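Only one structure is covered here, and it is reproduced in the block below.
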Amino acid sequence: MELFIESIPGFPRITLVRVAGRVDGSNYLSLIEKARTLLAAGPDCLLLDLQGCSHLSSAGLFALHNIALIANQYQALDHEDGWGAMKRMADETRELKGRFKLIQVPEKIMTTLQVSGLSALYEIHPDLQAALAALVPV
């Protein structure tokens, strides 16, 4: 997995993270930690561009969910809780759309998000322009 970070000038303050390659058990924690670090720097919104993501495992879903929780100022799930954490993720009912958005989600990853029920929790846009247009100043 490679991450490409860019700040989008203007208001609200936006950080764009482009994900390339596989997000799986070997690297999902580094994605969460990078997002946590970026969010601590104070953007109003984190956009995660998955166009270049070739595979998103269950660990990758866990990473997306934790990033959404962190971005919306909720306590992240503990990966050490294993299946218990995955069950809490599956049982999630809070909408996590405020400060976290997904863009350019490949069809097979979108299907995974839909089947898991997570797509209903996140704001998902077809491209950067649509995501930016949907933002209201914070």
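FYI, in the working numbering the residues of the sequence shown are 48 to 185.
Glycine included, each C-beta is placed from N, C-alpha and C at the ideal position.
Keep in mind the model is a prediction, meaning the values are calculated, not measured.
- For I171, the pairing in a beta bridge is given by DSSP as L149.
- Measuring C-alpha to C-alpha distances from A82 to each of N119, H102 and P59 identifies N119 as the nearest.
- T62 is bridged by DSSP to S54 and L93.
- One alpha carbon belongs to A181, the other to S101, and they sit about 26 angstroms apart.
- According to the DSSP assignment, N74 belongs to no alpha helix (DSSP H), since it is labelled neither H nor E.
- Here the stretch 126–134 does not lie against the stretch 84–103, with fewer than 3 beta-carbon pairs under 8 angstroms apart.
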